[in-house]
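Asker:
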Amino acid sequence: MHILIAALHRPSNPTGICRYAVNLAQCLAEIEEVNQVTLVVGNWQKHYFETAFYLKSPKIILSIVDIKNSSLSRNLWFLFGLPKLAKELNPDIIHLSFPIPFLRSRFLCPVVATIHDFYPYEYPENFGYRQVLFNRLFLKQCIYQSDGLTCVSKTTLASFKRFFPSINSKKITSIIYNYVNFDEIIPQPLGEIEDNLYSPFLLTIGQHRKNKNLDLLIQSFALLLQENKLELSTKLVIVGSAGPETDNLSRLIARLSLEEQVLMVSAINDSKLCWLYQNCQLFVIPSSTEGFCIPLAEALYLSCRVVCSAIPIFKEVGSESCIYFDLQDNPVENLSQAISQALEQPSPNRIRDDRFSKSNAAYKYLKLYSKTCQSSCKPNCNDKSTDNYFKEEKSKIY
Numbered sequence: 001m002h003i004l005i006a007a008l009h010r011p012s013n014p015t016g017i018c019r020y021a022v023n024l025a026q027c028l029a030e031i032e033e034v035n036q037v038t039l040v041v042g043n044w045q046k047h048y049f050e051t052a053f054y055l056k057s058p059k060i061i062l063s064i065v066d067i068k069n070s071s072l073s074r075n076l077w078f079l080f081g082l083p084k085l086a087k088e089l090n091p092d093i094i095h096l097s098f099p100i101p102f103l104r105s106r107f108l109c110p111v112v113a114t115i116h117d118f119y120p121y122e123y124p125e126n127f128g129y130r131q132v133l134f135n136r137l138f139l140k141q142c143i144y145q146s147d148g149l150t151c152v153s154k155t156t157l158a159s160f161k162r163f164f165p166s167i168n169s170k171k172i173t174s175i176i177y178n179y180v181n182f183d184e185i186i187p188q189p190l191g192e193i194e195d196n197l198y199s200p201f202l203l204t205i206g207q208h209r210k211n212k213n214l215d216l217l218i219q220s221f222a223l224l225l226q227e228n229k230l231e232l233s234t235k236l237v238i239v240g241s242a243g244p245e246t247d248n249l250s251r252l253i254a255r256l257s258l259e260e261q262v263l264m265v266s267a268i269n270d271s272k273l274c275w276l277y278q279n280c281q282l283f284v285i286p287s288s289t290e291g292f293c294i295p296l297a298e299a300l301y302l303s304c305r306v307v308c309s310a311i312p313i314f315k316e317v318g319s320e321s322c323i324y325f326d327l328q329d330n331p332v333e334n335l336s337q338a339i340s341q342a343l344e345q346p347s348p349n350r351i352r353d354d355r356f357s358k359s360n361a362a363y364k365y366l367k368l369y370s371k372t373c374q375s376s377c378k379p380n381c382n383d384k385s386t387d388n389y390f391k392e393e394k395s396k397i398y
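Letter by letter, the sequence shown follows residues 1 to 398 of full-length UniProt numbering.
1) Can you tell me whether DSSP reads ILE3 as helix, strand or coil?
2) In the structure shown, what three-state DSSP assignment does ILE17 receive?
3) Classify ASN211: buried if its beta carbon has 16 or more other beta carbons within 10 angstroms, exposed otherwise.
4) So, at 6 angstroms on beta carbons, what are the nonlocal neighbours of PRO11 in its own chain, with the 5 sequence-adjacent residues on each side left out?
5) Compare the beta carbon distance of LEU39 and ALA7 with 7 angstroms and say whether it is the shorter of the two.
6) What is the residue span of the alpha helix (DSSP H) that TYR369 lies within?
7) Can you have a look at LEU230 and say buried or exposed, based on whether 16 or more other CB atoms are within 10 angstroms of its CB?
8) Should the stretch 352-364 be called in touch with the stretch 161-171, which here means at least 3 C-beta pairs below 8 angstroms?
9) Compute the minimum distance between the beta carbon of ASN211 and the heavy atoms of the ligand SAM, and state whether it is under 6 angstroms.
10) With C-beta atoms as the reference, is TYR179 less than 7 angstroms away from ALA361?
11) Within 10 Å of its beta-carbon, does GLY191 have 16 or more other beta-carbons around it, so buried, or fewer, so exposed?
12) Which class does CYS151 belong to by DSSP, given the choice of helix, strand or coil?
13) Quick check: the stretch 248-258 against the stretch 305-313, are there 3 or more CB pairs under 8 angstroms?
14) Have a look at PHE201 and ASN279 and give me their C-alpha separation to the nearest angstrom.
15) By Cβ distance below 8 angstroms, which residues in the same chain neighbour ALA222 in space, the five residues on each side in sequence not counted?
16) Would you call the stretch 124-139 and the stretch 30-45 touching, i.e. three or more CB-CB distances under 8 angstroms?
17) Pull the bridge partners of PHE201 from the DSSP assignment, please.
18) Return the Cβ separation of ILE185 and ASP66 in integer angstroms, given the expectation that the two are a contact with Cβ distance under 8 angstroms.
19) Which residues in the same chain have their Cβ closer than 6 angstroms to the Cβ of GLN141, if we skip the five residues on either side of it in sequence?
20) Between PHE164, PRO312 and LEU108, which lies nearest to CYS293 when the distance is taken from Cα to Cα?
21) Could you tell me which uninterrupted alpha helix (DSSP H) segments, each at least 4 residues in length, are contained entirely in the stretch 21-72, listed from first to last along the chain?
22) Using the beta-carbon count (16 or more within 10 Å), is GLU245 buried or exposed?
23) Comparing alpha-carbon positions, which option in ARG19, HIS9 and LEU24 lies nearest TYR365?
24) Quick check on the burial criterion: 16 or more other C-beta atoms within 10 angstroms. Buried or exposed for LEU4?
25) Between which two residues does the beta strand (DSSP E) carrying PHE78 extend?
26) DSSP state of SER288, grouped into three classes?
27) Given GLN145, which residues of its chain have a CB within under 8 angstroms of its CB, disregarding the five upstream and five downstream residues?
28) Leaving out the 5 sequence neighbours to the left and right, which residues in its chain are closer than 7 angstroms to PRO91 when beta-carbon positions are compared?
29) Would you please state the rounded distance, in angstroms, between the beta carbons of THR372 and TYR123? I believe it to be under 8 angstroms.
30) Tell me whether ILE143 sits in a helix, a strand or coil according to DSSP, three-state version.
31) Using only the alpha-carbon positions, how far apart do LEU224 and ALA297 sit?
32) Given that a residue counts as buried once 16 or more other Cβ atoms are within 10 Å of its Cβ, and exposed if not, what is GLY16?
33) Whole angstroms are fine: how far does the CA of THR114 sit from the CA of ASP147?
34) Can you tell me whether ASN213 is buried or exposed? The criterion is at least 16 other CB atoms within 10 Å of its CB, across all chains shown.
35) Beta-carbon separation of ILE323 and GLN341 under 7 angstroms?
36) For LEU55 and HIS9, what's the separation of their Cα atoms in angstroms?
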């Protein structure tokens, strides 16, 4: 089976979508029945896909698209360039790593799309008035055109049913959690700020967007320093690419005189990310809404103390060892108290949650592909060897 993963995306530094596409490729490449995974990215993404992520399998082929990184160029490529590439490569399945505008009639094979969240409906502030209209249009068009959909959590599927009640019962859908695996990653200190990080530090990961509530975390961090509940040498490390909130966050840091305490970094590889998880005092994720949140699952996997907002997706992904705080009624104070409470607890044991295992994800992806192939009458990806794989893996997992 040959699977083409469309991962061409605007950011010039790694984001959650990029990590998802890489994890999907690595997951599928380990399956005997999959002989090739073509990972399609833009020329501006080539460097960080080759250096930031651990792509070692010979089955994974990077296909670089040389176009201008603009909304118009990307969307035109989705509509016309992707069908042309698919015709040349003749994959058995096309998997869209996030919703894009496309026309199903232009493809000879089934198309599956991953739905991470419904931010255009739930958090339009992330996009701006005009841009959110296009994002809603593209999301809606992708949902209607796809042969199958995978939602990254029960929370995302519930949102799908709420916003698209007329189609959810007709579409082939599956909940497939992101998998977590750092077993082959060798931790490496973050060189450019290594001297600072021998002091204790708190860690958060997220793009600079409104729903991430990074301003709330910065204010709580300042309050804890002011009340002497943190050592004055403690740092707050924010890992994430720039976004709509970057300027506001920079002004807040300056206003609170935290330029020496708050370190903002981006575009780090898996080795450095692993080191940050393993060495932080505490991992904090204060978002108002998320689709899944890979960093939360990664932090738990690497035995971090965790503080997170008490939203449904975090309670779905998280564990009893997490400290949850309320975003209502003085969230700065609530988060500050949760951080103080978490720092007094021992580090949790490493969590091996089967929901986030690679074998579980692979089984569910191939099961989804089989259903969409059967529905689309594509014989090549519904052979007996794939059916046998389903039976074997099901017996292992369940």
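Idealized CB from N, CA, C, for every residue including glycine.
Answerer: Put simply:
1) In the structure shown, ILE3 falls within a strand segment according to DSSP collapsed to helix, strand and coil.
2) The answer is helix: DSSP assigns ILE17 an H, G or I state.
3) Under this definition ASN211 is a buried residue.
4) Cβ within range, chain order: SER241.
5) LEU39 is a Cβ neighbour of ALA7, given a cutoff of 7 angstroms.
6) Taken as a continuous stretch (DSSP letters only), the alpha helix (DSSP H) holding TYR369 covers 358-376.
7) Classification for LEU230: buried.
8) Short answer: they don't touch.
9) Ligands are entirely absent from the displayed structure, and the ligand SAM is therefore not among its contents.
10) The answer is yes: Cβ separation under 7 angstroms.
11) So GLY191 counts as exposed.
12) Three-state result, CYS151: strand.
13) They do not touch, by the three-pair rule.
14) Each residue's Cα considered, the two are about 8 angstroms apart.
15) Residues of the same chain with a CB within less than 8 angstroms of the CB of ALA222, apart from the 5 flanking positions on each side, are LEU256 and LEU258 in chain order.
16) The stretch 124-139 vs the stretch 30-45: no contact.
17) Partner(s): LYS235.
18) Their Cβ separation, rounded to whole angstroms, is 31 angstroms, which puts ILE185 and ASP66 out of contact at 8 angstroms.
19) Cβ within range, chain order: PRO101.
20) Here the closest residue by C-alpha is PRO312.
21) Correct list: 46-51.
22) Of the residues assessed, GLU245 falls on the buried side of the cut-off, its CB having 16 or more other CB atoms within 10 angstroms.
23) It is LEU24.
24) Answer is buried; the Cβ neighbour count reaches 16.
25) Neither: PHE78 is in no beta strand (DSSP E) and is coded neither H nor E.
26) Coil at SER288, not helix or strand.
27) Around GLN145, the same chain offers PHE102, LEU103, ARG104 and VAL111 as residues with beta carbons nearer than 8 angstroms, after the five sequence neighbours per side are excluded.
28) Closer than 7 angstroms at the Cβ level, and outside the excluded window around PRO91, lie HIS2, ILE3, LEU4, THR38 and CYS109.
29) About 29 angstroms separates the two Cβ atoms, so there is no contact after all.
30) Shown here, ILE143 sits in a helix according to DSSP, grouped into three states.
31) Our two residues, LEU224 and ALA297, have alpha carbons roughly 26 angstroms apart in a direct line.
32) With 16 or more neighbouring CB atoms inside 10 Å of its own CB, GLY16 falls in the buried class.
33) If you draw a straight line from the Cα of ASP147 to the Cα of THR114, it is about 11 angstroms long.
34) Buried, by the Cβ-count rule.
35) With contacts defined by Cβ atoms closer than 7 angstroms, ILE323 and GLN341 form a contacting pair.
36) If you take the alpha carbons of LEU55 and HIS9, they lie about 18 angstroms apart.
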